[in-house]
Structure formats: structure tokens, C-alpha cells
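Here's the structure, in C-alpha cells; my notes come after.
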Ligand SMILES: Cc1ncc(COP(=O)(O)O)c(C=O)c1O
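Residue numbers (the numbering used here): 1107 to 1575.
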């Protein structure tokens, strides 16, 4: 008889493949805990809605990218966090500690990264309509600008020449600037690569507001050669977000290496290639993203192979994930309130937050998974729709899901809310934005203080003639 084949265990899930945070457990009290902190206790201490971030989960994902790039890519590499996913001091500082740079898309995100102590050499500034003030702030900080269009290129050039005149005056006083101090720019290209994701989060197809069309490359390269005041360090592209396929990333790598090589042949000082982010995460059991390690291996191998084919020195390979670095490590904790049953239609259960703290369901029809923090093992015996508290019928967080029969006071945990929730939050209906706590080894740390109604009113003004004497 043939021996039984050795049983193989399925590979362990990586952070972006879990619906719940890496450190989520059920504790001795029978409650859900994350980072060693009982979620019921966190709700008591900090109130709800509450964002909770699993620090170990974020660090594990960051190390997955950084170590993976170092292991799989034969050249130099850098991982940068697309901080639009959630830009705040604590996450920027954590990324700096992990050797991860930051991608920013506004003066506000830039100021946050700088204040968090992120090395300017690792900050990259994106955006399709940067203001002149934002460009000036970027130049002053010495970060890299990812140029999106001709207007930006020309404005940057003008600002650089103006700065140069000031520097010439300094040079007469004995202070000079070296070649490497020239403003560093990359060009964002729209490579015409299609991928399967929501239309609002696809960016690499030709009909996109972002970046230069590949047809413009020849003109752009000529312009850069004629205007060496800007140091063109390389190319960037990003094809979209919440992508599960690997092939579009391979196609992107091949296409970008070819254009990068053309630029170098013409004499441009290209040394960096940024292939964007986009790896998806698991929101429900239907989602099946590749692991971070597999994504990194795929991208690194594709770029290295494309370079080898034409004997091109390996560029510094940059990737800029957002969602997959933090999405699965964030949860939102809500208190359950009112119920309404529409006979033969559905039962609504309302919570104390909604589209103001998580606009993704109403914006993209995004789906989520949930559990009760106070009764995580209770049987899911009721089909319900979890609604937010906003004056908007579409304010629904979870539509037609099986959950334990909920009562007022239960604590609902919605998983995988770390990315594009707090960063897209609003004050719709004048709801103050939630607090956020980062948890690790049983220690919670407040990383965002809960807004108050006073915070909201602080920005309002009555016309002077209406004010009482
Ligand atoms: C330019 C750019 N880079 C990186 C990202 C991050 O994408 P993701 O969060 O899907 O990794 C985005 C988000 O859409 C982006 O627009």
C-alpha cells in the first residue's frame, strides 16, 4: 500500500488576508480583545464609536513589505506608506520607525509627516492639482515631488528658478548648492493598464484624471533634458486599489521598465521606479487577496526580469501600499441602539456612528464583516441590516448580514476599517469624529482625541451685525 502523502498545512494567513486583526482573541471574560485590550473595557473608557488600531498588525504588515522587498529584489528598494489611507502623527511615526517612507497628497498630509519626524528623503508628494503653496512647502522641505501634469511641471520650474536667484545671491556670500540639492521630481504616468476594482478607485486606465498619458513621454523627456534645474529621478505609476489580481502589476512593471530605460538612454538621471500600491485586503469571506509576500515577490521579480532582459541597472524599486499596511489592523467599535422591523422586508439595527466615520459603504457599496465585542461567540441567528444614525437612507454599514440578535447596549465591532475610514470621515449631521486608540500588549494609547461639539462650533462665526452687543 502506498504511504499516505505527508499532510501539508495551508500557509498561515498574512495580515491582509485576515478579516480580523492579527492579535484578535477571545479573552477570559468571553469578550473580544485586540492587542491584549478588552474591547468592552475600551468602549467604557473611551466611548463609542471608537477606532482601534492593532499596533502589532501594522508593524507586521510593514515588515512584510520591507523585508520582502529586501529579500526578493536584487537592487535598492523603499516601501512608502500611502498615507491617504490614514494620515496621522502616530501612524507616520510608526512607519518611520519601521523604515517605511510616506506618500502624501496635500500640504496637510505633508505637515503631519514632517511633524511626526519622517525623514524628508523618504517623503513623496502626489496629487493632480497641487497648489503653488503646497509646491513651495514641498520644495522648502526637500522632499520628492511626483509631478502629475504640465502645469505643475512649469510652476515647479518657475519656483525653482526664483529660488535659484535667491541662492545665487547667497552664493555670492560663499554659500553654494550642489547638484544633488536640486529639487527631486518623478513623473507620474497613466500606463493604460486595466484592473478589476471599483471605478472610483481605478487610476491606471487612460481615462483617469491622474498623471501623464504615455503618448506625452517623448515631449516630457525633451522638456526635462532642456530644463536640468529639476532633477528627474524616475517614474511613478499606480493602477488602482483593492486589487486581487497579480497580472496587472506584472504588466505595469514591464511597461514602466521600458519607458524608464528610454529616459536613461536619452541621458535623464533616472534611478528610481515607483510601481504604486493597490494590494487588496479581506473585508468579507468572499475576498481572496494574495498575501503581501506574494505581491512583493511578483512585483520584484517582474521588475528585475524586465531589467535583466535589456541589461539595465536595477532602479531603486519603490512601492507605496496604503490599505494593505493598515486596513486589517483597524476596527470600529459601535454601541447598538434602536431596532426597527419592516414586516416581510428587513430588520434594521442602528448604531451610534455610520457614514460619517465610514463613508465607504455609501460611496462604493463596500461590504464589511462584524461581530459583537461583548458576545463574540453568540450564534448568528438573525438576518439584519446595520444602519448608521445619519439622516440618509443609504447610511447603512452592513446590509443583510447574519448576526446574533442584538439589543440596545451591545457592542458591535466592524472589522478592517483601518484604511480609508478615519481619513475620509466627515462631520455630517454635526457628529464629532471618533477617537482612535492604538493597542499593544494590553496598553491602549489615544492617538486621536474624540472631537467635541465645541470643536465643531469653534470654526463657526456669526456675521458681526448679528452678534449681541
Ligand atoms: C498614487 C497612489 N499610490 C498609492 C495608493 C495606495 O493604494 P492602496 O491603498 O490600494 O494600496 C493610492 C490609492 O489609491 C494612490 O492613489
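The beta-carbon is built from N, C-alpha and C at its ideal position, and this holds for glycine as well.
Query	Result
Could you tell me whether the Cβ atoms of residue 1553 and residue 1543 are closer together than 8 Å?	yes
Would you say the beta carbon of residue 1084 is closer than 7 Å to some non-hydrogen atom of ligand 1?	As displayed, the chain neither begins before 1107 nor continues past 1575, which places residue 1084 out of reach and without an answer.
If residue 1163 sits next to residue 1128, beta carbons under 8 Å apart, how far is it from one beta carbon to the other, in whole angstroms?	4 Å
According to DSSP, which residues form a beta bridge with residue 1143?	1140
Determine, using beta carbons only, whether residue 1208 and residue 1183 come nearer to each other than 8 Å.	no
Ligand 1 heavy atoms versus the CB of residue 1248: any closer than 7 Å?	no
Can you find a heavy atom of ligand 1 that lies under 7 Å from the Cβ of residue 1254?	no
Can you tell me the Cβ-Cβ gap for residue 1518 and residue 1478, rounded? I've got them flagged as a contact below 8 Å.	6 Å
Examine chain B for any beta-carbon lying closer than 8 Å to the beta-carbon of residue 1349, and answer yes or no.	Here there is only one protein chain, and chain B is not present.
Where do the ends of the beta strand (DSSP E) carrying residue 1342 lie?	1337 to 1342
What are the residues that DSSP puts in a beta bridge with residue 1132?	1138
Which term fits residue 1495, buried or exposed, when burial requires 16 or more other beta carbons within 10 angstroms of its beta carbon?	buried
Could you compute how far the alpha carbon of residue 1472 sits from the alpha carbon of residue 1506?	13 Å
Does DSSP classify residue 1198 as helix, strand or coil?	helix
Skipping 5 residues on each side, what residues in its chain have a beta carbon closer than 8 Å to that of residue 1191?	1428, 1429, 1431, 1432, 1433, 1524, 1525, 1526 and 1529
Flag residue 1270 as yes when its Cβ comes closer than 7 Å to any non-hydrogen atom of ligand 3, and as no otherwise.	Absence of ligand 3 is noted for the structure shown, with ligand 1 being the only ligands found.
Name the DSSP bridge partner or partners of residue 1378?	1340 and 1422
Looking at the unbroken beta strand (DSSP E) that takes in residue 1250, where does it start and where does it end?	1250 to 1253
Taking only three categories from DSSP, how would you classify residue 1445?	strand
Looking at C-beta atoms only, is the number of pairs between the region 1369 to 1384 and the region 1335 to 1351 that lie closer than 8 Å three or more?	yes
Candidates 1218, 1574, 1211 and 1212: which alpha carbon is nearest residue 1202's?	1218
Would you check if the region 1229 to 1236 and the region 1395 to 1413 touch, i.e. whether three or more CB-CB distances between them fall below 8 Å?	no
Under the criterion of a Cβ to heavy atom distance below 7 Å, does residue 1123 qualify as lining ligand 1?	no
Return the CA-CA distance between residue 1358 and residue 1425, expressed in angstroms with no decimal places.	12 Å
Throw me the rounded Cβ distance for the residue 1520 and residue 1440 pair, which I believe falls under 8 Å.	7 Å
Pick helix, strand or coil for residue 1390, following the three-state DSSP scheme.	coil
So which of 1212, 1224, 1255 and 1222 has the shortest CA-CA distance to residue 1242?	1212
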